[in-house]
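The structure appears right after this line, and notes come after that.
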Amino acid sequence: MVGARSLNETSQATGASPSTLPPGLPPSGAIQSPQGTQATPQQVAQAQPSAGGQGTAVSTGNPNEQGQGLSNLSANQIAAVTRDNQWSGASFPLEQFQAYTSPFGYRRSIEGYNYNEFHYGLDMAAPRGSYIRNWWTGTVVEVSDDSNCGTSVVVEAGNWLSIFCHMEGRVEVSNGQRAMVDRDGGLRIVEGSTVQAGQRVGRVGMSGRTTGPHLHWGLKYDNNWVDPAMVLRAMYSSQQNTASRPN
């Protein structure tokens with residue numbers, strides 16, 4: 119198995135106060151992505167590279183497995199890795215985004231234990247039921263609902279794996295075919311199917327180990343974990359440059 123079942127993490131979210139919301143609906147300068155999903159300057163500015171700080175949502179894991187399999191890609195290298203593939207084709211992964219509530223990286227145990235813990239993704243607060251959109255066009259390689267990640271979908275796009283956790287719905291098997299099914303949200307995401315950038319692949323839920331509704335978004339490049347905040351910055355920069363070019 120790839121992705122979701124390898125995530126030994128706990129995610130907690132308390133939501134976002136009104137003061138943390140990006141101003142405007144949508145904010146001025148929003149860059150349009152597929153199917154109306156936006157990556158805004160405010161969202162990207164909030165997505166700081168891993169600093170190990172405390173937020174309103176924290177994910178913890180096994181202290182004996184912390185920080186393993188991390189990519190050493192810098193922000194500039196991340197921007198260059200897919201320069202030829204046009205970051206402008208990527209989609210911001212969450213509708214009704216409120217705030218980033220827990221960054222990628224080390225932090226002290228929130229449970230009071232004497233060790234640092236590692237959070238293998240970026241937590242984004244949103245109202246329960248908010249739609250999650252696929253980051254980049256790829257193939258669904260795993261659906262799962264039996265790990266700390268909760269109901270989850272993993273999408274492979276070239277060298278990248280994108281992991282979406284804590285969603286509504288559950289996994290169902292029919293005629294040997296596994297699918298993430300969220301009837302209330304009108305979604306059925308089948309293993310082996312192709313999903314487009316910006317396509318809805320789930321909804322924010324409370325599945326797995328979480329105390330509040332949010333999306334835990336994990337990214338791997340060549341099977342090594344990458345800070346999604348750096349990816350968002352590269353993505354926004356590319357989209358901004360594309361939008362400013364003359365036709």
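Sequential numbering from 119 applies to the sequence shown in our numbering.
We treat Cβ as the ideally placed atom computed from N, Cα and C, and that holds for glycine.
These figures come from a predicted structure and were not determined experimentally.
Alpha carbon of residue i to alpha carbon of residue j, nearest angstrom
{"i": "V289", "j": "M298", "result": "4 Å"}
{"i": "T328", "j": "G276", "result": "30 Å"}
{"i": "A175", "j": "H237", "result": "Since pLDDT at A175 reaches only 36, below the 50 mark, its modelled position is unreliable, and no value is offered."}
{"i": "S356", "j": "A315", "result": "15 Å"}
{"i": "A243", "j": "P211", "result": "12 Å"}
{"i": "V271", "j": "Y224", "result": "25 Å"}
{"i": "P245", "j": "Q214", "result": "7 Å"}
{"i": "W254", "j": "A208", "result": "5 Å"}
{"i": "K338", "j": "L279", "result": "5 Å"}
{"i": "G303", "j": "N234", "result": "37 Å"}
{"i": "A347", "j": "Y231", "result": "27 Å"}
{"i": "G171", "j": "Y354", "result": "Confidence is the limiting factor: at G171 the pLDDT is only 32, short of 50, which leaves the residue's position unreliable, though a coordinate-based value still follows. Looking at the two C-alpha atoms, the distance is approximately 23 Å."}
{"i": "P141", "j": "N252", "result": "Caution applies to P141, whose pLDDT of 27 falls short of 50 and renders its modelled position unreliable; the value that the coordinates give is listed next. Straight-line Cα distance between these residues: approximately 24 Å."}
{"i": "N293", "j": "M324", "result": "28 Å"}
Close Cβ partners of residue i (< 6 Å) along its chain, the five nearest in sequence each way excluded
{"i": "G336", "result": "Y238, G239, I281"}
{"i": "D202", "result": "In this prediction, D202 has a pLDDT of 46, which is less than 50 and means its spatial position is unreliable; nothing more can be read from the coordinates."}
{"i": "D263", "result": "T269, R288, V289"}
{"i": "H334", "result": "S129, G239, D241, C283, H284"}
Cβ distance (whole Å) where residue i is taken to contact residue j below 8 Å
{"i": "G248", "j": "V313", "result": "This sequence places Ser at residue 248; Gly is not what is there. At roughly 18 Å, the Cβ-Cβ gap does not stay under 8 Å, so S248 and V313 are not in contact."}
{"i": "G268", "j": "G326", "result": "2 Å"}
{"i": "V424", "j": "G310", "result": "In the structure displayed, the chain extends from 119 to 365; residue 424 sits before or after that span and is not available."}
{"i": "I250", "j": "R318", "result": "7 Å"}
Opposing strand residues paired with residue i [DSSP bridges]
{"i": "Q295", "result": "S292"}
{"i": "E274", "result": "T257, L279"}
{"i": "A243", "result": "A217, H332"}
{"i": "V308", "result": "A297"}
{"i": "S262", "result": "S270"}
{"i": "F222", "result": "Per DSSP, none; premise fails for F222."}
{"i": "H284", "result": "Note: H284 sits in no beta bridge, so no partner."}
{"i": "R402", "result": "Any answer about residue 402 is impossible in this case: the structure gives the chain only from 119 up to 365."}
{"i": "V344", "result": "L337"}
{"i": "F210", "result": "Paired residue(s): none; F210 is not in a bridge."}
Cut-off 8 Å between Cβ atoms - residues of its own chain near residue i, not counting five sequence neighbours on either side
{"i": "R296", "result": "V261, V289, E290, V308, E309"}
{"i": "L305", "result": "G287, M298, V299, R318, V319, G320, R321"}
{"i": "G154", "result": "Low confidence applies here, because G154 scores a pLDDT of 36, under 50, leaving its location unreliable and the question unanswered by this model."}
Own chain partners of residue i with C-beta closer than 7 Å, once the 5 adjacent residues on each side are dropped
{"i": "E274", "result": "G256, T257, V259"}
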